[in-house]
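Step one of this worksheet: look at the structure below.
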Ligand SMILES: Nc1ncnc2c1ncn2[C@@H]1O[C@H](COP(=O)(O)OP(=O)(O)O)[C@@H](O)[C@H]1O
Ligand SMILES: [Mg+2]
């Protein structure tokens, strides 16, 4: 059995809006092991993002416990959580969230700036390496507005990889992209997972979820079901079979 | 977190937002620059007036007869004949706070040399008069005690008189001019002194022994006034008090009786004129203060708006591992850099304003260190506070709330 990276028990998250309390998560138990590639699925509003934000230490749960690499997060203060985000977690947002007017290279370097152990030479080398992994080494001096959506998301992926995290968390990472570009991004994720990276991927598209190995389906803040993907999609093959786009004459 | 990285992050952020950075600095530049410029103009005008008055003489104290006189100290002679040479003798002997003293009698009349003539005034004084009024000899010598005792017909002439009575290149020393019909041998020429603070030509005069003017020209026994120098400027008040004591005793004035003379000092004149230019400085200072306020509000606005705008950036930085303190330090470094760069440009700008203005107005250029320091501190404090405060609020948010901020 692989080592458990994420263990969540009786996790709850409530939002209070005026008088109303929204139960975004109601007693969720979940376990993710090293090397897994898990999709968190479910309809819009089912609590997927809330879950992922808590896993990414971007948000605090209302109740329950979350063990990351065996360490209880409820005992961590803000600075310790920042350190964890910096060194153990890689987060990818649907809307890329790159710094505007900042080159791809500098965007990827960003996490390493907050790690004082990494000197500037190493920082640059690692960022270039990460950009190389996502196939954008030749675009490192481009600004986000000079890149396509897919390329921007690749930069964001490179940024999440650069600190060599124990787990990558992606929230609707293909949500803003067309089919072909989505598949290309999924190809990248599958390659990363093949190399041993643990990935948790939030999506509401069943089609995308079939690229993962295991699917956890949320409904109204609870886990509705968990399934192992049987006939898994492989992006490299699907891309080959996509109809070739013909220029309209 | 090391400061090299934070500084790099801050510098990059400033570069990324050039326009905003420039606007912020503009607020600081205008604030600091106007305070320095305005106060320097005000102080320059004050100094210029003070200098002109000081140029008139060294710590002068005047004694004038009569008590009826009103208005400015330099007002004309009264007909009162209350001052005498024995008063001067007594003051010379007893006064501790006076370093030089000269009786003064003067008359205006026509000075003639050959076919040239010029209306001027002839002052009868002692040799101390030169140091009291800061006159210097350009050529020749001052009259001796012997010449004073013997009512010698000798004189010193000012540059204006020389120009009007003698052809260029002629040495006036040794020549004889006539004043009110009396021949006076020129034994010395005074250096040019220019106009005084009130626009009077200080070179348009003839100096002669007071005895000669008193007896030969005016035929009087009293003297018209006494000029003296106090030992130092801050001893002017003591000198005045001392003169009053001695003269009241000499004039046998009873207690309660008004002085039959008036004593004024140059220090008083300087104060009178300084208070006028102090008002000017205050006015300019108020304008500068308003500029500082406007500049400050500008900085405040930009800082506040920019942090709100940048809450997303703050959230992103936190999501990749930036701690609250890192975010805060970044914004603080940004604000400090802007304040320092803006402040330095502002100081140069202010010095530029004062240089141009003071040279146009021919004031002395006065650099007020405290104006520089205070305006710089005020602008920096505003910049730093409003850079820090909203950043602190943003850095306290959950990373996810900051990222989602719209
Ligand atoms: N910041 C918030 N404040 C209030 N309610 C929220 C907030 N974030 C999410 N919610 C609510 O929590 C529930 C789950 O949201 P979310 O996790 O974003 O769903 P999903 O990502 O599955 O679409 C929704 O009902 C949503 O309205
Ligand atoms: Mg969502």
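Chains as they are written, first to last, in my numbering: chain A, -12 to 236; chain B, 229 to 634. Glycine included, every Cβ here is placed at the ideal spot set by N, Cα and C.
List, in order along the chain, the chain A residues whose C-beta lies closer than 7 Å to that of residue i?
i	result
residue 212 of chain B	Outside the shown range of chain B (229 to 634) lies residue 212 of chain B, about which nothing can therefore be said.
residue 552 of chain B	65
residue 541 of chain B	86
Reducing DSSP to helix, strand and coil, say where residue i ends up.
i	result
residue 245 of chain B	coil
residue 222 of chain A	helix
residue 136 of chain A	helix
residue 28 of chain A	strand
residue 59 of chain A	strand
residue 121 of chain A	coil
residue 270 of chain B	helix
residue 189 of chain A	strand
residue 186 of chain B	This structure gives no information on residue 186 of chain B, because the portion of chain B shown stretches from 229 to 634.
residue 3 of chain A	strand
residue 88 of chain A	coil
residue 350 of chain B	strand
residue 96 of chain A	helix
residue 38 of chain A	helix
residue 227 of chain A	helix
residue 403 of chain B	coil
residue 184 of chain A	coil
residue 331 of chain B	strand
residue 437 of chain B	strand
residue 341 of chain B	strand
residue -11 of chain A	coil
residue 284 of chain B	coil
residue 73 of chain A	helix
residue 421 of chain B	coil
residue 53 of chain A	strand
residue 633 of chain B	coil
Could you confirm whether any beta carbon from chain C is found closer than 9 Å to the beta carbon of residue i?
i	result
residue 250 of chain B	Of the protein chains in the structure, A and B, none is chain C.
Residues of chain A with CB closer than 8 Å to the CB of residue i, please, in chain order.
i	result
residue 237 of chain B	100
residue 270 of chain B	Those do not exist, as residue 270 of chain B stays about 44 Å from chain A at its closest Cβ, beyond 8 Å.
In whole angstroms, what is the alpha-carbon distance linking residue i and residue j?
i	j	result
residue 78 of chain A	residue 44 of chain A	10 Å
residue 151 of chain A	residue 55 of chain A	15 Å
residue 284 of chain B	residue 428 of chain B	11 Å
residue 246 of chain A	residue 85 of chain A	Within the shown structure, residues of chain A are numbered from -12 to 236, placing residue 246 of chain A beyond reach of any answer.
residue 589 of chain B	residue 111 of chain A	58 Å
residue 397 of chain B	residue 391 of chain B	10 Å
residue -4 of chain A	residue 60 of chain A	12 Å
residue 1 of chain A	residue 606 of chain B	45 Å
residue 189 of chain A	residue 178 of chain A	18 Å
residue 620 of chain B	residue 536 of chain B	11 Å
residue 412 of chain B	residue 441 of chain B	11 Å
residue 459 of chain B	residue 474 of chain B	17 Å
residue 432 of chain B	residue 595 of chain B	36 Å
residue 276 of chain B	residue 584 of chain B	16 Å
residue 223 of chain A	residue 230 of chain A	14 Å
residue 321 of chain B	residue 389 of chain B	35 Å
residue 116 of chain A	residue 30 of chain A	36 Å
residue 499 of chain B	residue 270 of chain B	15 Å
residue 39 of chain A	residue 533 of chain B	31 Å
residue 267 of chain B	residue 503 of chain B	15 Å
Note down, in chain order, every chain A residue with its Cβ under 9 Å from the Cβ of residue i.
i	result
residue 598 of chain B	The premise fails here: residue 598 of chain B is roughly 40 Å from chain A at the closest Cβ pair, so nothing lies under 9 Å.
residue 230 of chain B	103
Below 9 Å on C-beta distance, what does residue i contact in chain B?
i	result
residue 46 of chain A	626, 627, 628 and 629
residue 40 of chain A	626, 627 and 628
Find the residues of chain B that neighbour residue i, judging by a C-beta separation of less than 7 Å, and give them in chain order.
i	result
residue 73 of chain A	548 and 549
Exercise for review: Give the residues from the region 604 to 633 of chain B that approach chain A closer than 7 Å (Cβ to any Cβ), ordered along the chain.
Suggested key: Going along the region 604 to 633 of chain B in chain order, one finds 626, 627, 628 and 631 with a Cβ nearer than 7 Å to chain A.
Exercise for review: Please list the residues of the region 77 to 98 of chain A that have a C-beta atom closer than 8 Å to any C-beta atom in chain B, keeping them in chain order.
Suggested key: Listed by position, the residues of the region 77 to 98 of chain A near chain B (Cβ gap below 8 Å) are 78, 80, 84, 86, 87, 88, 89, 93, 97 and 98.
Point to revise | Near-chain A residues of the region 243 to 268 of chain B (beta-carbon distance less than 7 Å), N- to C-terminal order | key: Cβ contacts with chain A: 244.
**Study point:** Segments assigned beta strand (DSSP E), at least 3 residues, entirely inside the region 489 to 528 of chain B
**Key:** The region 489 to 528 of chain B contains these whole beta strand (DSSP E) runs: 489 to 493.
Review point. Which residues, taken in chain order from the region 145 to 167 of chain A, show a beta carbon closer than 8 Å to some beta carbon of chain B?
Key: For the region 145 to 167 of chain A, the residues whose beta carbon sits under 8 Å from a beta carbon of chain B are, in order, 146 and 150.
Check your understanding: In the region 548 to 580 of chain B, which residues sit with their C-beta less than 8 Å from some C-beta in chain A, listed in chain order?
Key -> Using a CB distance below 8 Å, the part of the region 548 to 580 of chain B facing chain A consists of 548, 549, 550, 551, 552, 553 and 554, ordered along the chain.
Review point. Which residues, taken in chain order from the region 523 to 541 of chain B, show a beta carbon closer than 7 Å to some beta carbon of chain A?
Key: Cβ contacts with chain A: 541.
Exercise for review: Can you check the region 144 to 186 of chain A for any alpha helix (DSSP H) of at least 4 residues that lies completely inside it and give the ranges in chain order?
Suggested key: For the region 144 to 186 of chain A, whole alpha helix (DSSP H) runs of length 4 or above, ordered along the chain, are 166 to 181.
Review point. Where are the beta strand (DSSP E) runs, 3 residues long or more, that stay fully inside the region 455 to 481 of chain B, in chain order?
Key: Entirely contained in the region 455 to 481 of chain B, not one beta strand (DSSP E) run reaches 3 residues.
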